[in-house]
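Colleague: Numbering (our numbering), first residue to last: 1142 to 1818. Cβ coordinates follow ideal geometry from the N, Cα and C atoms, glycine included.
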RNA sequence: GCGCCCUUAGCUCAGUUGGAUAGAGCGUCUGGCUACGAACCAGAAGGUCGGGAGUUCGAAUCUCUCAGGGCGCACCA
């Protein structure tokens, strides 16, 4: 409703200016927030209009005000020096709309969206870096769904790469385990932890003797042959670890719809189909000389295509033979080449990714086979790719837009895939391809020391240290969750000894997840998170539990009043007359409470902003702001002891609406609220 | 060397398309619980927004430049 009103206002102002000054090109109407609520709810700077209209900002503001007439939902406009038009919302009107939970009609763009996130190598336990990815991705999915979009969630599984090969080497060459022994191990709890340690040992083993790297190459090669014994072992291990990843993420209420695997991209010959098209379109060129001799290469993204393009134009104008110019244009300098097909005819990661993304947009002409892989406790099925699958399955792929939640280090590879699509003539697909890029999670030197790693003097001076799966250096996702739950449990135990242990554990788990998810969302994507247990385990201040606590407080008011907060909330619109809303919100002293209503009305506005900027952190800020305003309100206005019955109803309504919006906001972040805490 | 990102309070970070007195959390200090639960609230101290130049009525925000830091730039994924 807030967003709706803002748009209506912008439109109205622009129209009125156009009427007054026909034929003059006008800049966009900027609408922002005045620094204080007393001044108004929207502020329109009129400076940008001064030049085109040849008039003073204050005069323009005055003219707009005079022309405005009445706008539904707007109470009044005031001109403020040096050149603002401050607009006040009709508080009772807005509050009534919010109380009735009115949602203005919005047009949902057509087409399905595919969000790819997590994509953890299935060779070891998930760590905090993977948590950031999954939480960002899952929250973005929830944002899109809140906005009414249809979304498929995919988790790409690289089950034939070096990382899986390394663990296979560990089992078969270092531990010399038989297939049966490995199979028995996969049934042990937290098999992924076992692999975590083994993976680190394999890396050491390679370092001990470079000859050992030969084993890796052989293993890698053997895995690609679907019928080999090694491929069977790799499949066994990667599937078991994958299952563990799904379990870990399910603890955070993160689910997937489909798990496309690299093995199927290989075995179903996705690449062959893509390769043909890429050659035809001239995206790939064959190198006859230089260091990439015998390879099929393409131009690396962002490597000066524009300059060569303009030089082509230049040279064409000089009327050189077109073939010669074309040849020069095609020629990519060695350092700008990205090898897609190696000289031994095997295809690299980027090539497979191009094929996979053609499939995503329905441009490949091939499809996976599907079978059910994992059923969540809520009965939702997660499907996995297969060479031969089940007859009935959901339709995946062939979508209108995609978002790939992948860390910033891979942006060049991502852009190369986008350029490949563009080179194939699929500009629309390329435009609808978003690399949802975020920075990594590192450890503070203190945290690293706590984990028992000895640091160099250089490392100690850094503000953060990168985690390394290869060194087994990092914080495992399940360990962090366990620590968080134990820490929350201790608090809950002391606060609610009357509850059963099960109840306390459930509450502690909700708090732990709230803390973790909020922690991962409060930082903007481009900020490297320097992880520290002290910050992550905090339940005070700008944290998830702070926001959860605000809801619990609101709930407890209704409990004490013997009211059901949800039904009360539903009936608010009919229980309180617009006259009363107006009376209690319009007075000069009501600014504080109005600010609470106003903020509560912005949930959808913030959601749209998060989607448009692919930045979920704004939602975390919104939740915190709402909780903070509510806590102040809670402290300042005792509700149950309010003698004026009508005012009491109004205060209860305020609590009910804020509670509703806060619960919704937290839900989009994947955070639930316990009944008590 | 080329490309992308970052530099805001003691620490960790916000600051939407340039707009009114640059904000929050933590930490420090001072207060507030016989309660709609203090996982909270009120208050104080703390900033030449890395340096410099430019564009603009107006710059933390845009441009250039310098300094410092991070990450990419494999016939790895």
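Please state whether the Cβ-Cβ distance between residue 1819 and residue 1498 is less than 9 Å.
Modeller: The question about residue 1819 has no answer, for the chain in this structure spans 1142 to 1818.
Colleague: Expressed to the nearest angstrom, what Euclidean distance is found between the alpha-carbon atoms of residue 1802 and residue 1740?
Modeller: Taking the first residue of the first chain as 1, we reach residue 1802 at position 661. Taking the first residue of the first chain as 1, we reach residue 1740 at position 599. When rounded, the distance between both Cα atoms is 9 Å.
Colleague: Thinking C-alpha only, which one of 1490, 1804, 1684 and 1646 is nearest residue 1664?
Modeller: Taking the first chain and counting its residues from 1, one reaches residue 1664 at position 523. Answer by Cα proximity: 1684.
Colleague: On the criterion of 16 or more Cβ atoms from any shown chain inside 10 Å, does residue 1602 qualify as buried, or is it exposed?
Modeller: For the purposes of this step, residue 1602 is taken as residue 461 along the first chain, with counting starting at 1. It counts as exposed.
Colleague: Assuming the contact rule is C-beta atoms closer than 8 Å, residue 1400 and residue 1525 should be a hit. Round their C-beta distance to whole Å, please.
Modeller: For this step, residue 1400 is matched to residue 259 along the first chain. For this step, residue 1525 is matched to residue 384 along the first chain. With a Cβ gap of about 4 Å, residue 1400 and residue 1525 count as contacting.
Colleague: With a CB to CB cut of under 6 Å and the five nearest residues on each side skipped, what residues in its chain are close to residue 1151?
Modeller: Locating residue 1151 in the first chain gives position 10, counting from the first residue. Around residue 1151: 1170 and 1172.
Colleague: In whole angstroms, what is the alpha-carbon distance linking residue 1157 and residue 1405?
Modeller: For this step, residue 1157 is matched to residue 16 along the first chain. For this step, residue 1405 is matched to residue 264 along the first chain. Residue 1157 and residue 1405: Cα-Cα distance of roughly 60 Å.
Colleague: Beta-carbon separation of residue 1258 and residue 1545 under 9 Å?
Modeller: As a first step, residue 1258 must be located in the first chain, where it is residue number 117. As a first step, residue 1545 must be located in the first chain, where it is residue number 404. Their beta carbons are under 9 Å apart, which means residue 1258 touches residue 1545 by this criterion.
Colleague: Thinking C-alpha only, which one of 1522, 1220 and 1235 is nearest residue 1213?
Modeller: Counting from 1 along the first chain, the entry for residue 1213 is found at position 72. Closest in C-alpha terms to residue 1213, from the list 1522, 1220 and 1235, comes 1235.
Colleague: From the DSSP output, read off the bridge partner residues of residue 1230.
Modeller: For the purposes of this step, residue 1230 is taken as residue 89 along the first chain, with counting starting at 1. Residue 1230 is bridged to 1215.
Colleague: The alpha helix (DSSP H) that contains residue 1715, what's its start and end?
Modeller: Taking the first chain and counting its residues from 1, one reaches residue 1715 at position 574. Segment 1706–1716, the alpha helix (DSSP H) holding residue 1715.
Colleague: Helix or strand or just coil, what does DSSP make of residue 1542?
Modeller: The residue given as residue 1542 occupies position 401 in the first chain. Secondary structure of residue 1542 (DSSP, three-state): strand.
Colleague: Report yes or no: do three or more beta-carbon pairs, one from the stretch 1337–1344 and one from the stretch 1374–1383, lie closer than 8 Å?
Modeller: no
Colleague: For residue 1372, count neighbouring Cβ atoms within 10 angstroms of its own Cβ and tell me buried if that reaches 16, exposed if not.
Modeller: For the purposes of this step, residue 1372 is identified with residue 231 of the first chain, where counting begins at 1. Under this definition residue 1372 is a buried residue.
Colleague: Could you tell me the alpha carbon to alpha carbon distance between residue 1367 and residue 1329, rounded to whole angstroms?
Modeller: Within the first chain, numbered from 1, the residue matching residue 1367 stands at position 226. Within the first chain, numbered from 1, the residue matching residue 1329 stands at position 188. Residue 1367 and residue 1329: Cα-Cα distance of roughly 26 Å.
Colleague: Answer yes or no: do residue 1531 and residue 1442 have a C-beta to C-beta separation smaller than 9 Å?
Modeller: The residue labelled residue 1531 in the question sits at position 390 within the first chain. The residue labelled residue 1442 in the question sits at position 301 within the first chain. Their beta carbons are not under 9 Å apart, which means residue 1531 does not touch residue 1442 by this criterion.
Colleague: Based on Cα-Cα distance, which residue from 1320, 1409 and 1396 lies nearest to residue 1521?
Modeller: For the purposes of this step, residue 1521 is taken as residue 380 along the first chain, with counting starting at 1. Measuring from the Cα of residue 1521, the nearest candidate turns out to be 1396.
Colleague: In terms of DSSP beta bridges, what is residue 1522 paired with?
Modeller: For the purposes of this step, residue 1522 is taken as the residue at position 381 of the first chain. Paired residues: 1516.
Colleague: Just verifying my parser: in three-state terms, what is the DSSP assignment at residue 1661?
Modeller: Your numbering for residue 1661 matches position 520 in the first chain. Residue state, collapsed to three classes: helix.
Colleague: Tell me the rounded alpha-carbon separation between residue 1108 and residue 1176.
Modeller: The chain is shown only over 1142 to 1818; residue 1108 falls outside these bounds and no answer can be derived.
Colleague: Do you know offhand how far residue 1287's Cα is from residue 1804's?
Modeller: Here the question's residue 1287 lines up with position 146 in the first chain. Here the question's residue 1804 lines up with position 663 in the first chain. Distance between the alpha carbons of residue 1287 and residue 1804 is about 13 Å.
Colleague: Hey, quick one: how far does the beta strand (DSSP E) through residue 1293 stretch, first residue to last?
Modeller: Residue numbering aside, residue 1293 sits at position 152 when the first chain is read from its first letter. Note, residue 1293: beta strand (DSSP E), 1292–1295.
Colleague: Could you please give the first and the last residue of the uninterrupted alpha helix (DSSP H) stretch that includes residue 1630?
Modeller: In the first chain, residue 1630 corresponds to position 489, counting from 1. 1618–1636 is the extent of the alpha helix (DSSP H) around residue 1630.
Colleague: Can you tell which of 1792, 1386, 1271 and 1671 has its C-alpha closest to the C-alpha of residue 1606?
Modeller: Numbered from 1 along the first chain, position 465 holds the residue referred to as residue 1606. Considering only alpha carbons, the answer is 1671.
Colleague: Write down the C-beta distance between residue 1696 and residue 1686 rounded to the nearest angstrom, noting that I regard them as a contact closer than 8 Å.
Modeller: Taking the first chain and counting its residues from 1, one reaches residue 1696 at position 555. Taking the first chain and counting its residues from 1, one reaches residue 1686 at position 545. Not confirmed; about 15 Å, so no contact.
Colleague: Check whether the stretch 1409–1421 and the stretch 1499–1508 are in contact - that is, three or more C-beta pairs closer than 8 Å.
Modeller: yes
Colleague: Pull up the CB-CB distance for residue 1305 and residue 1263, whole angstroms please, since I reckon it's below 8 Å.
Modeller: On the first chain, position 164 is the one that residue 1305 refers to. On the first chain, position 122 is the one that residue 1263 refers to. 6 Å between Cβ atoms; contact.
Colleague: Find the nearest neighbour of residue 1533 within the set 1548, 1513 and 1539, judged by alpha-carbon distance.
Modeller: Indexing the first chain from 1 puts residue 1533 at position 392. It is 1513 whose Cα lies nearest to the Cα of residue 1533.
Colleague: Just to check my reading of the structure: residue 1818 and residue 1616 have Cβ atoms closer than 8 Å, yes? What is that Cβ distance to the nearest angstrom?
Modeller: Along the first chain, one-based indexing puts residue 1818 at 677. Along the first chain, one-based indexing puts residue 1616 at 475. 25 Å between Cβ atoms; not a contact.
Colleague: May I have the straight-line CA-CA distance separating residue 1652 from residue 1814, to the nearest angstrom?
Modeller: Residue numbering aside, residue 1652 sits at position 511 when the first chain is read from its first letter. Residue numbering aside, residue 1814 sits at position 673 when the first chain is read from its first letter. So the alpha carbons of these two residues sit roughly 8 Å apart.
Colleague: Between which residues of its own chain and residue 1585 is the CB-CB distance below 8 Å, once the five residues before and five after are set aside?
Modeller: Start at 1 with the first residue of the first chain, and residue 1585 comes out as number 444. For residue 1585, where only same-chain residues beyond five positions count, the Cβ hits under 8 Å are 1604, 1605, 1606, 1671, 1672 and 1673.
Colleague: Give the straight-line distance between the Cα atoms of residue 1477 and residue 1419, rounded to the nearest whole angstrom.
Modeller: Position 336 of the first chain, counted from the start, is the residue given in the question as residue 1477. Position 278 of the first chain, counted from the start, is the residue given in the question as residue 1419. So the alpha carbons of these two residues sit roughly 18 Å apart.
Colleague: Going by C-alpha distance, which of 1676, 1619 and 1668 is nearest residue 1587?
Modeller: As a first step, residue 1587 is located in the first chain; it is residue number 446 there, counting from the start. With distances taken between Cα atoms, residue 1587 lies closest to 1676.
Colleague: Buried or exposed for residue 1729, going by 16 or more other Cβ atoms inside 10 Å?
Modeller: Here residue 1729 corresponds to residue number 588 of the first chain, with the count starting at 1. Residue 1729 comes out exposed.
Colleague: Could you pull the start and end residues of the alpha helix (DSSP H) that residue 1575 belongs to?
Modeller: Residue numbering aside, residue 1575 sits at position 434 when the first chain is read from its first letter. It is not in any alpha helix (DSSP H) - residue 1575 instead sits in the beta strand (DSSP E) that spans 1574–1579.
Colleague: Helix, strand or coil, according to DSSP, for residue 1359 in the structure here?
Modeller: For the purposes of this step, residue 1359 is taken as the residue at position 218 of the first chain. For residue 1359, the secondary structure class from DSSP, reduced to helix, strand or coil, is helix.
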